[in-house]
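Below is one structure; the comments refer to it alone.
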Amino acid sequence: MDFEIPYEYKAMQKLAAQFVEDELRPLEKEMEENEDLPDETWERLRNRSKELGLWAPFDPEEEGGGGMPHSYLAHILLCEVMGSTCVVFRGLVGHGGRRAVSSEVAAGEGRAFAAMTEPDAGSDQKAIKTTAVRDGDEWVINGVKHLISGVTWPSGRPAADYGVVYAITDKEARRITPFIVKVGTPGFTIGRRQKMMGTRGVSVSELYFDDCRVPDANRIGGEGIGLSQFLTILGLARLEIGAWGVGAAQYCLDRCIDYSAHRVTFGQLLATRQAIQWMLADSWIETETTRWLVYRTAWGMDQDEDCRLGYSACKILGSELACRVADRAIQIHGGLGYTTDLPFERVYRDFRGSQIYEGATEIHKFLIARMLLEQRLGRRIV
29 MDFEIPYEYK
39 AMQKLAAQFV
49 EDELRPLEKE
59 MEENEDLPDE
69 TWERLRNRSK
79 ELGLWAPFDP
89 EEEGGGGMPH
99 SYLAHILLCE
109 VMGSTCVVFR
119 GLVGHGGRRA
129 VSSEVAAGEG
139 RAFAAMTEPD
149 AGSDQKAIKT
159 TAVRDGDEWV
169 INGVKHLISG
179 VTWPSGRPAA
189 DYGVVYAITD
199 KEARRITPFI
209 VKVGTPGFTI
219 GRRQKMMGTR
229 GVSVSELYFD
239 DCRVPDANRI
249 GGEGIGLSQF
259 LTILGLARLE
269 IGAWGVGAAQ
279 YCLDRCIDYS
289 AHRVTFGQLL
299 ATRQAIQWML
309 ADSWIETETT
319 RWLVYRTAWG
329 MDQDEDCRLG
339 YSACKILGSE
349 LACRVADRAI
359 QIHGGLGYTT
369 DLPFERVYRD
379 FRGSQIYEGA
389 TEIHKFLIAR
399 MLLEQRLGRR
409 IV
């Protein structure tokens with residue numbers, strides 16, 4: 029492989045990093061403590077992101093975006109930067125990278141959520157039970173979704189205008205179809221908040237559909253395309269997790285290097301201790317190797333390559349990398365590292381969940397092994 033990161037991508041990444049340091053880093057403590065920010069603060073942050081050209085840089089200008097040629101590599105460079113700050117801030121930069129369902133989302137005037145996961149259907153999406161039955165020019169949706177993020181804020185106030193809900197439209201063939209369901213539609217109820225270990229500011233909810241009617245115009249694409257569409261979106265989501273993990277690990281590592289170079293114990297710098305040196309070396313090696321696999325996979329997407337192996341590998345490596353480096357950072361900083369005064373416990377809490385959502389680590393190892401065997405044997409492995 030021979031590729032070079034274009035200057036404009038590097039410049040945009042640097043601009044995003046400055047936005048994080050100037051605008052977001054000072055708000056991290058407030059977000060962690062209150063799980064939300066005042067509406068005027070969110071409005072200011074969105075406007076600032078738009079002024080800098082970071083909000084939806086790859087979406088058409090007529091849809092509220094920046095009009096830059098779409099590049100997965102450029103998108104991933106932005107994700108890497110955003111991995112160093114609170115999860116809820118990630119949507120302020122590079123928003124629209126997956127192509128918004130509507131122009132209102134790209135312009136910052138509408139927000140959406142995706143609802144696939146159910147109590148009995150996590151990594152096994154074909155096990156979903158929510159159904160959509162056609163009735164004339166309408167579809168009647170019934171079922172339960174859970175662990176759905178982005179529907180409300182932790183306070184309970186709405187955080188989305190509509191959602192993309194995946195439902196079975198052919199029970200025998202297990203064909204899944206996506207539908208747009210607006211918040212407030214009769215028959216659609218937002219249930220209890222499911223509190224999480226990390227991800228402050230991101231509310232996760234149960235959703236109930238009881239004879240919820242939506243017009244056929246709200247169906248996205250042809251009947252039965254839901255699973256393939258969802259898996260396509262999921263591929264990028266898994267790569268994003270890899271990039272976020274790299275960004276978080278680099279942030280922790282930089283803090284550890286600075287601390288080790290100044291902290292004195294028993295008359296010597298912490299940096300002179302071999303145990304500390306090895307932790308720094310291991311963290312750098314793991315961060316760099318993961319970074320380049322993430323970059324390579326994103327570049328491959330831009331070349332229209334089959335990147336399924338890369339998606340799974342990046343997702344595993346990035347999610348585990350962030351937790352390992354954060355754990356080392358806590359150890360290097362001692363008792364202070366275990367407090368909420370420093371960001372390492374937040375990083376660990378936030379990224380521990382990423383080893384589960386968007387496909388658990390064990391599922392991805394299974395997928396990688398199956399793809400490798402099928403490539404070698406030339407036949408499908410069940």
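According to my numbering, the residues represented by the sequence shown are 29 to 410, in order. Even glycine gets a Cβ: it sits at the ideal position worked out from N, Cα and C.
Indicate whether residue i and residue j have their beta-carbon atoms separated by less than 8 Å.
| i | j | result |
| --- | --- | --- |
| residue 265 | residue 390 | no |
| residue 358 | residue 373 | yes |
| residue 179 | residue 141 | yes |
| residue 325 | residue 342 | yes |
| residue 187 | residue 139 | yes |
| residue 107 | residue 271 | yes |
| residue 95 | residue 89 | yes |
| residue 52 | residue 65 | no |
| residue 274 | residue 322 | yes |
| residue 205 | residue 251 | yes |
| residue 208 | residue 382 | no |
| residue 151 | residue 388 | yes |
| residue 148 | residue 154 | no |
| residue 320 | residue 281 | no |
| residue 276 | residue 379 | yes |
| residue 145 | residue 195 | no |
| residue 239 | residue 193 | no |
| residue 112 | residue 211 | no |
Rounded to a whole number of angstroms, what is the C-alpha to C-alpha distance between residue i and residue j?
| i | j | result |
| --- | --- | --- |
| residue 84 | residue 104 | 13 Å |
| residue 165 | residue 246 | 10 Å |
| residue 303 | residue 284 | 13 Å |
| residue 214 | residue 328 | 44 Å |
| residue 345 | residue 162 | 43 Å |
| residue 317 | residue 309 | 12 Å |
| residue 260 | residue 332 | 13 Å |
| residue 191 | residue 293 | 54 Å |
| residue 74 | residue 59 | 16 Å |
| residue 356 | residue 296 | 20 Å |
| residue 172 | residue 185 | 20 Å |
| residue 200 | residue 189 | 32 Å |
| residue 399 | residue 339 | 12 Å |
| residue 263 | residue 100 | 12 Å |
| residue 286 | residue 351 | 20 Å |
| residue 177 | residue 231 | 6 Å |
| residue 371 | residue 183 | 23 Å |
| residue 50 | residue 43 | 10 Å |
| residue 198 | residue 237 | 18 Å |
| residue 32 | residue 98 | 16 Å |
| residue 404 | residue 397 | 11 Å |
| residue 267 | residue 223 | 25 Å |
| residue 76 | residue 181 | 21 Å |
| residue 120 | residue 219 | 27 Å |
| residue 249 | residue 335 | 24 Å |
| residue 61 | residue 361 | 22 Å |
| residue 409 | residue 79 | 50 Å |
Is it right to say residue i is buried, meaning 16 or more other beta carbons lie within 10 angstroms of its own, or is it exposed?
| i | result |
| --- | --- |
| residue 228 | buried |
| residue 367 | exposed |
| residue 217 | exposed |
| residue 225 | exposed |
| residue 306 | exposed |
| residue 68 | exposed |
| residue 41 | buried |
| residue 122 | buried |
| residue 46 | exposed |
| residue 93 | buried |
| residue 34 | exposed |
| residue 143 | buried |
| residue 87 | buried |
| residue 365 | buried |
| residue 392 | buried |
Could you tell me which residues DSSP puts in a beta bridge with residue i?
| i | result |
| --- | --- |
| residue 300 | DSSP output for residue 300 lists no bridge partner at all. |
| residue 311 | Beta-bridge pairing links residue 311 to no other residue. |
| residue 163 | 166 |
| residue 396 | Paired residue(s): none; residue 396 is not in a bridge. |
| residue 176 | 233 |
| residue 293 | 296 |
| residue 186 | 180 |
| residue 140 | 190 |
| residue 146 | 149 |
Taking the runs of the alpha helix (DSSP H) that are 4 residues or longer, which of them lie wholly in the stretch 38-124?
56-62, 67-79, 100-110
Which whole runs of the beta strand (DSSP E) in the stretch 189-264 are 3 residues long or more, in chain order?
190-198, 203-210, 216-221, 232-243
To test your reading of the DSSP string, which unbroken alpha helix (DSSP H) runs of 4 or more residues are found completely within the stretch 348-393?
372-380
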